[in-house]
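Input: a single structure, listed below in C-alpha cells.
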Amino acid sequence: MRSDFLRRLVAVAVVVMAAQVLTPPAGADHSWEGYHWARTANPFTLTLVDNVSPAWDPYLVTTSADWTASVLLDTNVVGGTTLNSQLCNPVYGRVEVCSYDYGRTGWLGIAEVWVIGSHIVRGTVKMNDRYFNMPGYNSPAWRNSVMCQEVGHTLGLDHQDEVHSNANLNTCTDYSNNPTSNQHPNAHDYAQLESIYAHRDSSNSASASAPTASAGADRLGQEDLGEPLRYGRDGRPVLFVRDLPGQDKHFTWVTWAE
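The numbering of the sequence shown is my numbering, which starts it at 1270 and goes up by one.
Written out as C-alpha cells, the structure reads:
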C-alpha cells in the first residue's frame, strides 16, 4: 500500500514539473489579435522609411537591427524626407517613421497601423520631440525603448506587460518607469513573431504593390485618435480604432508621457 502511494506521489510530482516546464512565462503570448503583414515566404523584408531628425537616426538604426535579429523578418531603413516628419503620410507596403514637435499631445510616441482583414498594409510611427527634448525623456534608454515598441506594434506585437511599476521584463514591449533594461526585444518577442508568421500567405502586403484600402478619409486629425478600444492599468487608453469602409481598420497605439 505504501509503495502504491509513493508511486502515485511521484507520478503527480512529475506531472506538476512537466506543467511548469511547458507553461510559457508570463507575457510570452502577446500577439496583437493575429494581425500581420501578408507574405508568401519567410523571412520577408519590411521597409522602414527614415523621416526622423538626425538626433533620432541612431535609434532607428538600432531598432531596425533589433527586429531584423528575428529569423522571420528583415527591416530595411531607406531615406525619407524631413518634410514628411509632421504629416507622416502613410504609404502602402511600408512603415513611415517620423519625429517632430507634435505639441503637448500627452503622448511620447504612437504607432498607426492600417489593416485589411487580418493583414497589415501600411503603418506609421511618430516620436514626439516636445517630450523627448525634456530632461526626463531625452535619454538613450527612453528613445530606444519607445522607438522599439512602436515599430514592434507595426509588426503585429502587443505589450508583454502594461504596469509601469512592475519589475522590468528586459524588453521594449514592457511598460516601465525606468526603461534602462527595456530598450530592445527579448526572446519572448522573437518567439511571438515566429508564431505570428509561422504560416504563409498567397499575397505580399509588405511591398509597394500592396492592395489599396477602401476609398474615403482614413487619416486622423492630430487630436483625434479614434475610439478607445483598450485601456491600460492606469486607466488611460492605449489602443484606439477607427472603422473604415469594408473590412479596413485604422488602429493607433499610444505610449503616454507620465
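Every residue, glycine too, gets a C-beta built ideally from N, C-alpha and C.
The beta carbons of residue 1474 and residue 1349 sit no closer together than 8 Å. Apart from sequence neighbours up to five positions away, the residues of its chain that approach residue 1306 with a beta-carbon distance below 6 Å are 1389, 1474 and 1475, ordered along the chain. Taking residue 1364 as reference, the option from 1344, 1374, 1383 and 1392 with the minimal CA-CA separation is 1392. In chain order, 1320, 1365, 1367, 1393 and 1395 place their CB closer than 7 Å to the CB of residue 1357, counting only its own chain and leaving out the 5 sequence neighbours on each side.
For residue 1335, the enclosing alpha helix (DSSP H) covers residues 1326 to 1337. Assigned with DSSP and collapsed to three states, residue 1433 falls in coil, not helix or strand.
Just so you know, the alpha carbons of residue 1386 and residue 1428 end up roughly 21 Å apart. A straight-line Cα-Cα distance of about 10 Å links residue 1398 and residue 1322. By the criterion of a C-beta distance shorter than 7 Å, residue 1432 is surrounded in its chain by 1444 and 1502, once the five residues flanking it on both sides are discounted. Fully enclosed alpha helix (DSSP H) runs of no fewer than 4 residues occupy 1398 to 1401 of the segment 1347 to 1409, in order along the chain.
Around the Cβ of residue 1423, a 10 Å sphere holds 16 or more other Cβ atoms; the residue is buried. About 7 Å separates the Cβ atoms of residue 1440 and residue 1457, confirming a contact at the 8 Å cut-off. Here residue 1344 is near residue 1317, since their CB atoms are less than 8 Å apart. For residue 1500, the enclosing beta strand (DSSP E) has its first and last residue at 1496 to 1500.
When beta bridges are read from the DSSP output, residue 1300 appears opposite 1426. For residue 1506, DSSP records a beta bridge to 1500.
Ranked by how close their Cα comes to the Cα of residue 1337, the residues 1315, 1347 and 1327 have 1315 in first place.
It is roughly 33 Å from the alpha-carbon of residue 1512 to the alpha-carbon of residue 1331. In the three-state reduction of the DSSP assignment, residue 1345 falls in the strand class, which pools E and B. Between residue 1400 and residue 1526, the gap from beta carbon to beta carbon is short of 8 Å. Under the three-state reduction of DSSP, residue 1309 is assigned to coil, being neither helix nor strand.
Straight across, the Cα-Cα distance linking residue 1335 with residue 1416 is about 11 Å. In the three-state reduction of the DSSP assignment, residue 1473 falls in the coil class.
The beta carbon of residue 1354 lies closer than 8 Å to those of 1320, 1321, 1322, 1367, 1368 and 1369 in the same chain, with the five residues before and after it left out. In the DSSP assignment, residue 1519 falls outside any alpha helix (DSSP H) and lies within the beta strand (DSSP E) extending over 1517 to 1525.
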